[in-house]
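Presented below is the structure to which this report refers.
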Amino acid sequence: MPPPLNQARPYDDSVIFLTDKDVLAIATSMAPLSQPAAACYGRVDDPESYVPTAWWKSVFGDNLYLQTDGDVVEDPDITLEEIRLLETHEPIRSIFQSTPCSASSERTRILDLCCGQGRHVLQLAELYPHLELHGHDQSQYLIELAQSRAAAVNVSDRTSFTIGDCRAIPHNDNSFELVMVMGNSFGYFATDNANTNLLKEIRRILKPGGFAVLDIPDGAYLRKNFSARGWEWIDDTMIVCRERELSKDKKRLISREVVMLTGKGVIRDQFYAECLYDLAEVLQLVRKSGLVSEQKEKDVGENTLGRDMSKRGEDLGMMENRHLVLVSKPSL
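Take 25 as the starting number for the sequence shown in our numbering and just add one per residue.
In structure tokens:
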């Protein structure tokens, strides 16, 4: 029988998760009335040509992301559900539950790579206070928010956050027992080589015998089932319209979001793209990086997350259907 799971409840302090009203107040101040409304490109014949090379620097550069995707990424119940799914994997559960042998022993070190506003780090700090938890992300805005939330719940002494490219992690070789890449954060780079280099960087910082878990979109599913157009009301005053199409080589999903406020018009018109890897393709990248898959392809399909997560019941896009893939760094 596996050891019982920690039964701590998800935190729901209003200091930790910004309310829709808080986020909307900041969003509406981004386009002062004295300035013209944000540009809208109108009808676009080739959306792929509008995708910036490093699109993630703008998409996650401010709080608007937390508003438009808040039904998933700002819901503490969903964060806890994702942690519980991780705990069903015995190696991950053992890492979470490991405790120092003595007061002088080092804490188990875990890195949440592309951690965003630190939701998984903060939840793990609540559930497992003996862990040493680190988060790394390229967004200064989200990292500063993670730091402020950690301070608000008094876990700054066992959490640490850094800012930078995920392919150049500011930690030494062989530093972590576990690296997590959660929330659909794998496949942002346009080429297989670039995405493989990210896996190689994960391998570098993992201790021999350490594990990594990849939360990846189900590329095979999305190629056939993506929504070409959709829209949703975020609240009574904000609406998001989305367009999607496959890239010319059919390897990426090109997405466009037009965000509008009643009385103000368009405040954001942004384009981004993510790779659509099926499980076989992901495992091929894993092998190229020197990591080892801990699951058979048929087993990965049993760890599906994403469907029906949104309490708004709205368009989840790349978050709609995802898999958890467990990999490891070979022991010396």
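Glycine residues also receive a C-beta, built at the ideal position from the N, C-alpha and C atoms.
Because the structure is a prediction, the values reported are computed rather than measured.
Comparing C-alpha distances from L135 to each of H195, E298, A175, V290 shows the shortest one belongs to H195. For E150, the enclosing alpha helix (DSSP H) has its first and last residue at 143 to 151. G66 and P115 have their C-alpha atoms some 50 Å from each other. Look at the segment 75 to 144 and you find these whole runs of beta strand (DSSP E), each 3 residues long or longer: 133 to 137. Here DSSP, grouped into helix, strand and coil, assigns I193 to coil. Cβ neighbours of P71 within its own chain (closer than 7 Å, five residues either side excluded): E267, E269, I278, R280, F295.
In the structure shown, V306 adopts helical secondary structure according to DSSP, grouped into three states. Ranking F185, T286, G314 by CA distance to the CA of I226 puts G314 first. With the rule of 3 Cβ pairs closer than 8 Å, the segment 281 to 288 does not count as touching the segment 298 to 316.
Looking only at D161, P153, A244, the smallest Cα-Cα distance to L137 is reached by D161. The C-alpha of N345 is placed about 6 Å away from the C-alpha of D242. Of the residues assessed, K248 falls on the exposed side of the cut-off, its CB having fewer than 16 other CB atoms within 10 angstroms. Take the alpha-carbon of A170 and the one of K231: they are about 26 Å apart. Note that the segment 215 to 229 touches the segment 187 to 205; at least 3 beta-carbon pairs, one per stretch, sit closer than 8 Å.
In this structure M206 is in contact with H144, their Cβ atoms being roughly 5 Å apart against a cut-off of 8 Å.
One alpha carbon belongs to L307, the other to D260, and they sit about 43 Å apart. About 6 Å separates the beta carbon of G142 from that of F185, a gap short enough to meet the 8 Å contact definition.
Within the same chain, and ignoring the five residues on either side of F250 in sequence, the residues whose Cβ sits closer than 7 Å to its Cβ are R268, L277. In this structure, L155 sits away from T123, with a CB-CB distance that is not shorter than 7 Å. Per the coordinates, the alpha-carbon of V310 lies some 44 Å from the alpha-carbon of G289. Taking all protein chains in view, the Cβ of V96 is crowded by 16 or more other Cβ atoms within 10 Å, so the residue is classified as buried. In this structure, Q91 keeps its C-beta atom at 7 Å or more from the C-beta atom of I291. Put simply, the backbone Cα of K81 is about 17 Å away from that of I193. Using a 10 angstroms sphere on the CB of L356, the tally of other CB atoms stays under 16, which defines it as exposed. Remark: C-beta atoms of L223 and V349 do not approach each other more closely than 7 Å. By the beta-carbon neighbour count (other beta carbons within 10 angstroms, threshold 16), T103 is buried. Taking C-alpha positions only, G254 is separated from Q121 by approximately 42 Å. For L348, the enclosing beta strand (DSSP E) starts and ends at 346 to 352. In the three-state reduction of the DSSP assignment, R280 falls in the strand class, which pools E and B. Taking the Cα positions, A304 is about 40 Å away from A63. Straight through space, the alpha carbons of D93 and V264 are spaced by roughly 10 Å. DSSP places G243 inside the alpha helix (DSSP H), whose first and last residues are 243 to 249.
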